[in-house]
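Please read the structure below before turning to the comments.
2 protein chains.
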Amino acid sequence: MTAFEALMAHARETQALAQVAGRLGWDQETVMPRGAAEQRAEEMAAMEHVLHARRTDPRLAEWLETARAPDATGAAQLRLIRREHARATRVPADLAAAIARVTSRAQGQWAEARAADDFTAFAPVLEEVVGLRREEGAALARGGDVYDALLDGYEPGATGAQLSAMFEAMRPRLVALRAAALDAPQLPALAGRFEDAAQLALAERLARAFGYDLGRGRIDRAVHPFSSGSGADVRITTRTDPSDPFNCLYSTIHEVGHAAYEQNVDRALALTPAGQGASMGVHESQSRLYENQLGRSRAFCGWLYGEMRDAFGDFGVPDEDRFYATVNRVHRGFIRTEADELQYNLHVLMRFDLERALISGGLAVRDLEAAWNDRFARDFGYAVPRASLGVLQDVHWSVGLFGYFPTYSLGNLYAGCLHAALRRDLPDLDTHLARGDLAPATGWLRDRLQVHGALLEPADLITRACGVPPSEAPLLDYLETKFTALATG
Amino acid sequence: MTAFEALMAHARETQALAQVAGRLGWDQETVMPRGAAEQRAEEMAAMEHVLHARRTDPRLAEWLETARAPDATGAAQLRLIRREHARATRVPADLAAAIARVTSRAQGQWAEARAADDFTAFAPVLEEVVGLRREEGAALARGGDVYDALLDGYEPGATGAQLSAMFEAMRPRLVALRAAALDAPQLPALAGRFEDAAQLALAERLARAFGYDLGRGRIDRAVHPFSSGSGADVRITTRTDPSDPFNCLYSTIHEVGHAAYEQNVDRALALTPAGQGASMGVHESQSRLYENQLGRSRAFCGWLYGEMRDAFGDFGVPDEDRFYATVNRVHRGFIRTEADELQYNLHVLMRFDLERALISGGLAVRDLEAAWNDRFARDFGYAVPRASLGVLQDVHWSVGLFGYFPTYSLGNLYAGCLHAALRRDLPDLDTHLARGDLAPATGWLRDRLQVHGALLEPADLITRACGVPPSEAPLLDYLETKFTALATG
Numbered sequence: 001m002t003a004f005e006a007l008m009a010h011a012r013e014t015q016a017l018a019q020v021a022g023r024l025g026w027d028q029e030t031v032m033p034r035g036a037a038e039q040r041a042e043e044m045a046a047m048e049h050v051l052h053a054r055r056t057d058p059r060l061a062e063w064l065e066t067a068r069a070p071d072a073t074g075a076a077q078l079r080l081i082r083r084e085h086a087r088a089t090r091v092p093a094d095l096a097a098a099i100a101r102v103t104s105r106a107q108g109q110w111a112e113a114r115a116a117d118d119f120t121a122f123a124p125v126l127e128e129v130v131g132l133r134r135e136e137g138a139a140l141a142r143g144g145d146v147y148d149a150l151l152d153g154y155e156p157g158a159t160g161a162q163l164s165a166m167f168e169a170m171r172p173r174l175v176a177l178r179a180a181a182l183d184a185p186q187l188p189a190l191a192g193r194f195e196d197a198a199q200l201a202l203a204e205r206l207a208r209a210f211g212y213d214l215g216r217g218r219i220d221r222a223v224h225p226f227s228s229g230s231g232a233d234v235r236i237t238t239r240t241d242p243s244d245p246f247n248c249l250y251s252t253i254h255e256v257g258h259a260a261y262e263q264n265v266d267r268a269l270a271l272t273p274a275g276q277g278a279s280m281g282v283h284e285s286q287s288r289l290y291e292n293q294l295g296r297s298r299a300f301c302g303w304l305y306g307e308m309r310d311a312f313g314d315f316g317v318p319d320e321d322r323f324y325a326t327v328n329r330v331h332r333g334f335i336r337t338e339a340d341e342l343q344y345n346l347h348v349l350m351r352f353d354l355e356r357a358l359i360s361g362g363l364a365v366r367d368l369e370a371a372w373n374d375r376f377a378r379d380f381g382y383a384v385p386r387a388s389l390g391v392l393q394d395v396h397w398s399v400g401l402f403g404y405f406p407t408y409s410l411g412n413l414y415a416g417c418l419h420a421a422l423r424r425d426l427p428d429l430d431t432h433l434a435r436g437d438l439a440p441a442t443g444w445l446r447d448r449l450q451v452h453g454a455l456l457e458p459a460d461l462i463t464r465a466c467g468v469p470p471s472e473a474p475l476l477d478y479l480e481t482k483f484t485a486l487a488t489g
Numbered sequence: 001m002t003a004f005e006a007l008m009a010h011a012r013e014t015q016a017l018a019q020v021a022g023r024l025g026w027d028q029e030t031v032m033p034r035g036a037a038e039q040r041a042e043e044m045a046a047m048e049h050v051l052h053a054r055r056t057d058p059r060l061a062e063w064l065e066t067a068r069a070p071d072a073t074g075a076a077q078l079r080l081i082r083r084e085h086a087r088a089t090r091v092p093a094d095l096a097a098a099i100a101r102v103t104s105r106a107q108g109q110w111a112e113a114r115a116a117d118d119f120t121a122f123a124p125v126l127e128e129v130v131g132l133r134r135e136e137g138a139a140l141a142r143g144g145d146v147y148d149a150l151l152d153g154y155e156p157g158a159t160g161a162q163l164s165a166m167f168e169a170m171r172p173r174l175v176a177l178r179a180a181a182l183d184a185p186q187l188p189a190l191a192g193r194f195e196d197a198a199q200l201a202l203a204e205r206l207a208r209a210f211g212y213d214l215g216r217g218r219i220d221r222a223v224h225p226f227s228s229g230s231g232a233d234v235r236i237t238t239r240t241d242p243s244d245p246f247n248c249l250y251s252t253i254h255e256v257g258h259a260a261y262e263q264n265v266d267r268a269l270a271l272t273p274a275g276q277g278a279s280m281g282v283h284e285s286q287s288r289l290y291e292n293q294l295g296r297s298r299a300f301c302g303w304l305y306g307e308m309r310d311a312f313g314d315f316g317v318p319d320e321d322r323f324y325a326t327v328n329r330v331h332r333g334f335i336r337t338e339a340d341e342l343q344y345n346l347h348v349l350m351r352f353d354l355e356r357a358l359i360s361g362g363l364a365v366r367d368l369e370a371a372w373n374d375r376f377a378r379d380f381g382y383a384v385p386r387a388s389l390g391v392l393q394d395v396h397w398s399v400g401l402f403g404y405f406p407t408y409s410l411g412n413l414y415a416g417c418l419h420a421a422l423r424r425d426l427p428d429l430d431t432h433l434a435r436g437d438l439a440p441a442t443g444w445l446r447d448r449l450q451v452h453g454a455l456l457e458p459a460d461l462i463t464r465a466c467g468v469p470p471s472e473a474p475l476l477d478y479l480e481t482k483f484t485a486l487a488t489g
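Protein chains in written order, with the working numbering: chain A, 1 to 489; chain B, 1 to 489.
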């Protein structure tokens, strides 16, 4: 066996074990008995221990020294193995253990602080988390930018400076567009009750329409919608709210974006380092494009209106146009996860700026709440009334996720680029969408992007799929066109 | 850390990983998407690889050399660790790999041969399996009895000679009892249709009544009923047949016997070598006692009759006595898994004798079908019409399970002993059973036996629980009393 073959065989088994760990996470959120939580934590820790040992296996360094890739695909695989090995071995074991310990404690303290609306109760442990992650970033960066090293864990090749430039260009236009949308007359939200079983049946119909292969996946209910797994076993979850069917339907379409991406990766890459989505940002581009640019388009909403009438009868919305406007209703709020397509990125942009400042040391944890409230007031025009609606709303920082938030907006930005290219290549797309036929769009995405898995670096992948390098312009043009028309509509 | 502590920490993580592998098996049989089978095989193989590496970890031998147990519980744990380590290290890796390869192939060939009713198509690969398992037994036995070494993998401490003596004492009495029962006038089987949902609801009610904790378990549907997991996450499956509710109800009670046993092991032993059932035989004693001595008793059938009427209305059985007789109906057949309480052991005893002869070389694989048919005719009084109803009916030998069959009858024998002791200690048991109150019986089993997990060797455990050493007499007395009364009605 050559060194390259040894690396690939090792990576394949690691991927298989990572799938097992992922399935255990799925099990925990869907079917696990309540009383099994403590034992499960120990089972998960044992799996993590096995995976960590494999990722820092001393043989990897030896093999990597002499490995020669036989072809371009092999070179990409080798790049991914090298990258993961570097990330796994640069962080001292005791630092990794300290981060695991502190973030486990921090999650509990965050939940308590949020319930009590008291940021000061969370600040001390958050300061520990920031300090340790900064240390980890420094170990990874080896003299380079600390935040970039953390970001690289979620979005290979991206830098804070690049993202900042694009996000800064987005912010003023989003703020202006938001203000205009909220100045326009407001539509009421959907009223009435929507039966759970009918929501789930329609969600499954949508999942199939968007190309989700239920022969290699399944849909279950969970508290939070998510997608998990790669290759031949990619599962999604959804939830129902009897007063808000859009929650179930659009979270299903969103998760199908993630899941179909994993299912559509070239099967020859299954259980290899490249046999999965290219990055968090590219993943989010798929889920958001499925959900928003396709799922909330005027043409598709026309078809969905008919499906909703079939499923729920007369639900108080008189026609397709009003339905489209209701689906895309812009409303005041505080919570990122409840934000509409227009305002979502404003939530993310502020988190990105704040966390970058936390990691660089430009912002102290004790000043974070004030900085949050100040920025929110500037971008949204009204004050945050309490910490649970502000700085304490997201779990991310408590679990040590720094460098993760920007991938949400980068995903939207990529979705904007892909959508523009898709429209250029498929001029009659709306004709298909109006019939509930997603196949031309999802097929284009599959062939242009999804099939390649992680063979290409994210920015290269988007550039190849679109024919032009990624920028914020297509997303902004799309949002301005759509929401200006809706506001004046 | 002392050598003993190091061993226990290592064993704990191995147990946690074994639980994960078990959960993966559960997933495969219940919720896994069809298309995931191939990928899942690779995930399972990766888990097996990890577990095998842990079980043959060279550090274990070092630790075992110097480990000193701090107390009696520690001594039991050490005994179990030593035993597993010996079994794992005595078998050469290439032999283990050859067995895995051949049995994987043999399963497919068995299924094809069974479908074609052609034993000769299966014989060559079975000969390979027998040869390799014999080789494995010899490696384990180190000069001792080869079959005993295989048996020891399922039933520590048992020997073929001991079992043979008990089974030989059972056989003539079972043959005579069976003939008498079939000479008596025959009751018809249950007729009508029994709605799936009502079957499942009653099955869950029975599971709870028999002490299954659904806060640390769950019930799902699968093609074959089984129980899986230990400690805080022990799941069972069941199945429904609209024309035969007993299939669902009694398989549920049977699996609850296995599952409640695991749930009732002292929680302080969770994720340790002793934190699970003591052996296959002891496990089967619980499942059979729950199912038969309790679940098919006259007193309990009285209560169940009322439940069945509540669930299904008038289902054509006029009263409790007729219901009891229907539940315990003895009927001609060929298939072990469909056999009633009276005839079941005759099926197992012949498999035990045949497989012992195969392993010793006293019986050649090419002569197995003739030997099977001859023995069947002698014990059951009629001929096997085709191989799928005879020698090809069970999957066991194709997957290399030699030494496993006798644990079924040993379990019944143990159940007979435990039932006699239970009746001695709880003279008013029938009063409780007649109210559907299983708590006195399951509480007795929990405190006398289940709580100890694998701390004691199986035969010692039964002896302590019953106050006398195990023998076949109580089971035979019980069966003769019960089925003679039923036959004379």
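For every residue, glycine included, the Cβ atom is placed at its ideal position computed from N, Cα and C.
Using a Cβ-Cβ cut-off of 8 Å, ASP233 (chain B) counts as an interface residue toward chain A, since at least one Cβ of chain A sits closer than that to its own. Rounded to the nearest angstrom, the Cβ distance from ILE462 (chain B) to PRO474 (chain B) is 11 Å, too far for a contact under 8 Å. With its beta carbon at least 8 Å from every one in chain B, GLU472 (chain A) lies outside the interface. Residues of the segment 264–281 of chain B with a C-beta atom less than 7 Å from some C-beta of chain A are ALA270, LEU271, listed in chain order. For PRO58 (chain A), none of the residues of chain B pass the 8 Å Cβ criterion, the least Cβ distance being about 15 Å. Straight-line measurement puts the Cα of GLY361 (chain A) at about 27 Å from the Cα of PRO385 (chain A). Within chain B, VAL20, ARG23, LEU24 have C-beta atoms less than 9 Å from the C-beta of LEU24 (chain A), given in sequence order. In this structure, the CA atom of GLY231 (chain B) is about 17 Å from the CA atom of VAL282 (chain B). Note: ARG235 (chain B) is bridge-paired with B:SER228 in the DSSP secondary-structure output. One alpha carbon belongs to GLY313 (chain A), the other to VAL327 (chain A), and they sit about 17 Å apart. For GLU43 (chain A), the C-beta contacts it makes with chain B under 7 Å involve ALA16, GLN19, VAL20, in order along the chain.
In the three-state DSSP reduction, ILE462 (chain A) falls in the helix class (H, G or I). A check of alpha carbon separations from GLU136 (chain A) across A:LEU95, A:ALA415, A:ARG298, A:LEU64 identifies A:LEU95 as the nearest. For the segment 441–474 of chain A, the set of positions with a beta-carbon nearer than 8 Å to some beta-carbon of chain B is empty. Taking 8 Å as the threshold, the shortest C-beta distance from GLU204 (chain B) to chain A does not fall below it.
Around the C-beta of ILE335 (chain B), fewer than 16 other C-beta atoms lie within 10 Å, and the residue is accordingly described as exposed. Sixteen is the threshold: since fewer than 16 other Cβ atoms of the shown chains lie within 10 Å of the Cβ of VAL468 (chain A), the residue is exposed.
Along the segment 211–226 of chain B, going in chain order, the ones with a CB nearer than 9 Å to a CB of chain A are ASP213, LEU214, GLY215, ARG216, GLY217, ARG218, ASP220. Take the alpha-carbon of PHE4 (chain B) and the one of GLU62 (chain B): they are about 11 Å apart.
By the neighbour-count criterion, in which 16 or more other beta carbons inside 10 Å mark a residue as buried, PRO188 (chain B) falls on the exposed side. In the structure shown, ARG221 (chain B) adopts extended strand secondary structure according to DSSP, grouped into three states. Taking C-beta atoms as the reference points, ARG133 (chain A) and ILE99 (chain A) count as a pair closer than 8 Å. Against HIS49 (chain B), the close residues of chain A are GLU13, in the order they occur along the chain (beta-carbon pairs closer than 7 Å). Within chain B, no residue has its CB atom less than 8 Å from the CB of ARG208 (chain A), the nearest being about 14 Å off. Shown here, GLY362 (chain A) sits in coil according to DSSP, grouped into three states, outside any helix or strand. Sorting A:GLY22, A:PRO458, A:LEU7, A:GLY489 by C-alpha distance to the C-alpha of ASP233 (chain A) places A:GLY22 at the top. Under the three-state reduction of DSSP, ASN328 (chain B) is assigned to coil, being neither helix nor strand. For the alpha helix (DSSP H) assignment, the uninterrupted runs of no fewer than 4 residues enclosed by the segment 153–209 of chain A are, from N- to C-terminal side, 160–183, 196–209.
Close to ASP152 (chain B), with beta-carbon spacing below 9 Å, lies no residue of chain A; the smallest spacing is near 27 Å.
In this structure, GLU43 (chain B) places its C-beta atom within 8 Å of the C-beta atom of LEU24 (chain B).
For VAL256 (chain A), none of the residues of chain B pass the 7 Å Cβ criterion, the least Cβ distance being about 15 Å. Where VAL384 (chain B) is concerned, there is no enclosing alpha helix (DSSP H), because DSSP gives it neither an H nor an E. When the five nearest sequence neighbours on each side are left out, the beta carbons in the same chain lying within less than 6 Å of the beta carbon of ARG218 (chain B) are those of ARG235, in order along the chain. If you draw a straight line from the Cα of HIS49 (chain B) to the Cα of ARG90 (chain A), it comes to about 27 Å. Distance check between HIS85 (chain B) and each of B:GLN286, B:ALA53, B:LEU389, B:SER227 places B:ALA53 closest, using alpha-carbon atoms only.
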